[in-house]
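Participant: Structure below; questions to follow.
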Amino acid sequence: EPEVTQTPSHQVTQMGQEVILRCVPISNHLYFYWYRQILGQKVEFLVSFYNNEISEKSEIFDDQFSVERPDGSNFTLKIRSTKLEDSAMYFCASSEFEVDSRNEQFFGPGTRLTVL
Amino acid sequence: AQSVSQHNHHVILSEAASLELGCNYSYGGTVNLFWYVQYPGQHLQLLLKYFSGDPLVKGIKGFEAEFIKSKFSFNLRKPSVQWSDTAEYFCAVNARTGGYNKLIFGAGTRLAVHP
Chain R
237 EPEVTQTPSH
247 QVTQMGQEVI
257 LRCVPISNHL
267 YFYWYRQILG
277 QKVEFLVSFY
287 NNEISEKSEI
297 FDDQFSVERP
307 DGSNFTLKIR
317 STKLEDSAMY
327 FCASSEFEVD
337 SRNEQFFGPG
347 TRLTVL
Chain D
2 AQSVSQHNHH
12 VILSEAASLE
22 LGCNYSYGGT
32 VNLFWYVQYP
42 GQHLQLLLKY
52 FSGDPLVKGI
62 KGFEAEFIKS
72 KFSFNLRKPS
82 VQWSDTAEYF
92 CAVNARTGGY
102 NKLIFGAGTR
112 LAVHP
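So the sequence lines, in the order shown, correspond to chains R and D. So that you can map any letter, position 26 of the first sequence is 262 in my numbering, and since no number is skipped, the others follow by simple counting. So that you can map any letter, position 98 of the second sequence is 99 in my numbering, and since no number is skipped, the others follow by simple counting.
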């Protein structure tokens, strides 16, 4: 069964460093998402992406964050200058359709980002 | 603003007990509702979903949920839990804004089932 994959599974970085989290969505999916879950808190929407542009972003997704689909398979989340509070589990998700009846989002296993 | 409330943060049950996890949402438009499960060390998996039609939805592993529009609720139930159901359960609503959808999650309910 097709699945969303994410690399790395765990990333440790120093405060102020740039990190890139990578995701490979399911191959025929067109809509891509990033969510994050700070330890002990709820899963929060960060950004959605369609047709090579951001379709919506949350207030969390400030200028330090960017997303890209550099080729036909990868979908990346970049944090330019990490802060301690960026430590969280980051989930990538994808969906095939946007219309209501078939917009199930499939989640990847997550990347645990630890900022020291 | 859209929001999802899960009433129980921690639930402890014995095997074979019945389970009901509450979920209420706040959203004025048409909603799609989901329950996701996160087993220890694993990623989010879809348990069940409601888009339209029969408000009683059956999912995987014997779970079901009932959409009650008048109560803005989508409670998750299972008649007899097993030790393997130990996990965190998240209710989510699909919020459509500007034509695009995103999931709004509740805070989660951590379920521990004792043998």
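Think of the CB as a built atom: it goes at the ideal place given N, C-alpha and C, for glycine as much as any other residue.
1) Within a Cβ cutoff of 6 Å, which residues of the same chain sit near phenylalanine 281 of chain R, ignoring the five residues on either side of it in sequence?
2) Could you pull out every unbroken beta strand (DSSP E) segment of at least 3 residues lying fully inside the segment 35-91 of chain D, listed in chain order?
3) Out of curiosity, what's the CA-to-CA distance linking arginine 348 of chain R and tyrosine 326 of chain R?
4) Distance, Cα to Cα, leucine 14 of chain D vs serine 85 of chain D?
5) Closer than 9 Å between beta carbons: that is the criterion. Which residues of the segment 288-300 of chain R meet it against chain D?
6) Kindly indicate which three-state DSSP category glutamate 21 of chain D falls into: helix, strand or coil?
7) Give every residue of the same chain whose Cβ lies closer than 7 Å to the Cβ of proline 244 of chain R, excluding the five residues on either side of it in the sequence, and list them in chain order.
8) Would you kindly work out how many angstroms separate the C-alpha atoms of glycine 63 of chain D and serine 53 of chain D, rounded to a whole number?
9) On a CA-only basis, which of R:Ala324, R:Phe333 and R:Gln253 is nearest serine 317 of chain R? Give me that one, please.
10) Locate the beta strand (DSSP E) running through alanine 113 of chain D, then write down its first and last residues.
11) Contact criterion: CB-CB distance below 8 Å. Does phenylalanine 268 of chain R meet it with respect to chain D?
12) In whole angstroms, give me the CA-to-CA distance for threonine 31 of chain D and serine 291 of chain R.
13) Check this for me: beta carbons of tyrosine 26 of chain D and phenylalanine 73 of chain D, under 8 Å apart or not?
14) Report the residue ranges of all beta strand (DSSP E) runs contained in full by the segment 271-297 of chain R; include only those spanning at least 3 residues, in chain order.
15) Answer yes or no: do valine 255 of chain R and threonine 241 of chain R have a C-beta to C-beta separation smaller than 8 Å?
16) Alpha carbon to alpha carbon, what distance is there between glutamate 65 of chain D and lysine 59 of chain D?
17) Which one of R:Glu237, R:Asp307, R:Glu321 and R:Phe311 has the shortest CA to CA distance from methionine 251 of chain R?
18) Is the beta carbon of glutamine 7 of chain D sitting closer than 8 Å to the one on leucine 22 of chain D?
19) Going along chain R in order, which residues have a C-beta closer than 9 Å to the C-beta of lysine 50 of chain D?
20) From aspartate 1 of chain D to leucine 77 of chain D, what does the alpha carbon distance come to, in whole angstroms?
21) Comparing C-alpha positions only, which one of D:Ala108, D:Glu89, D:Leu57 and D:His115 sits nearest to leucine 47 of chain D?
22) Skipping 5 residues on each side, what residues in its chain have a beta carbon closer than 8 Å to that of leucine 104 of chain D?
Facilitator: Per the coordinate set shown:
1) Residue 281 of chain R sits at position 45 when you count from the first residue of the first sequence. Within the same chain, phenylalanine 281 of chain R has close Cβ partners Tyr271 and Ser294.
2) 45-51, 57-59, 65-69 and 74-79
3) Counted from its first residue, the first sequence places residue 348 of chain R at position 112. Counted from its first residue, the first sequence places residue 326 of chain R at position 90. So the alpha carbons of these two residues sit roughly 6 Å apart.
4) Walking along the second sequence from the start, residue 14 of chain D turns up at place 13. Walking along the second sequence from the start, residue 85 of chain D turns up at place 84. Taking the straight line joining both Cα atoms gives about 12 Å.
5) Ser291, Glu292 and Ser294
6) Here residue 21 of chain D corresponds to residue number 20 of the second sequence, with the count starting at 1. In the structure shown, glutamate 21 of chain D sits in a strand (DSSP, three-state: E or B).
7) Against the first sequence, residue 244 of chain R aligns to sequence position 8. Excluding residues within five positions, the ones whose Cβ falls inside 7 Å are Thr347.
8) The sequence position of residue 63 of chain D within the second sequence is 62, counting from 1. The sequence position of residue 53 of chain D within the second sequence is 52, counting from 1. Cα to Cα, glycine 63 of chain D sits roughly 20 Å from serine 53 of chain D.
9) Numbered from 1 along the first sequence, position 81 holds the residue referred to as residue 317 of chain R. For serine 317 of chain R, the nearest C-alpha among the options comes from R:Gln253.
10) Position 112 of the second sequence holds residue 113 of chain D. Residues 110-115.
11) To locate residue 268 of chain R, count along the first sequence from 1; it is residue 32. Taking Cβ atoms only, chain D never reaches closer than 8 Å to phenylalanine 268 of chain R, which makes this a no.
12) Position 30 of the second sequence, counted from the first residue, corresponds to residue 31 of chain D. Position 55 of the first sequence, counted from the first residue, corresponds to residue 291 of chain R. Taking the straight line joining both Cα atoms gives about 20 Å.
13) One-based indexing of the second sequence puts residue 26 of chain D at position 25. One-based indexing of the second sequence puts residue 73 of chain D at position 72. Yes. Within cutoff.
14) 279-286 and 289-293
15) By 1-based counting over the first sequence, the position of residue 255 of chain R is 19. By 1-based counting over the first sequence, the position of residue 241 of chain R is 5. No, the Cβ-Cβ distance between valine 255 of chain R and threonine 241 of chain R is not below 8 Å.
16) Position 58 of the second sequence, counted from the first residue, corresponds to residue 59 of chain D. Position 64 of the second sequence, counted from the first residue, corresponds to residue 65 of chain D. Approximately 4 Å between the Cα atoms of the pair.
17) Your numbering for residue 251 of chain R matches position 15 in the first sequence. The shortest C-alpha separation from methionine 251 of chain R is found at R:Glu321.
18) Position 6 of the second sequence, counting from 1, holds the residue named residue 7 of chain D. Position 21 of the second sequence, counting from 1, holds the residue named residue 22 of chain D. Against a cut-off of 8 Å, the Cβ pair of leucine 22 of chain D and glutamine 7 of chain D comes out as a contact.
19) Locating residue 50 of chain D in the second sequence gives position 49, where the first residue counts as 1. Those within 9 Å of lysine 50 of chain D in chain R are Glu340.
20) The first residue shown for chain D is 2 and the last is 116, placing residue 1 of chain D beyond what the model contains.
21) Indexing the second sequence from 1 puts residue 47 of chain D at position 46. For the residues D:Ala108, D:Glu89, D:Leu57 and D:His115, the minimum Cα distance to leucine 47 of chain D belongs to D:Glu89.
22) The count along the second sequence starts at 1 and reaches residue 104 of chain D at position 103. So the qualifying residues of the chain are Phe35, Ala93, Val94, Asn95 and Ala96.
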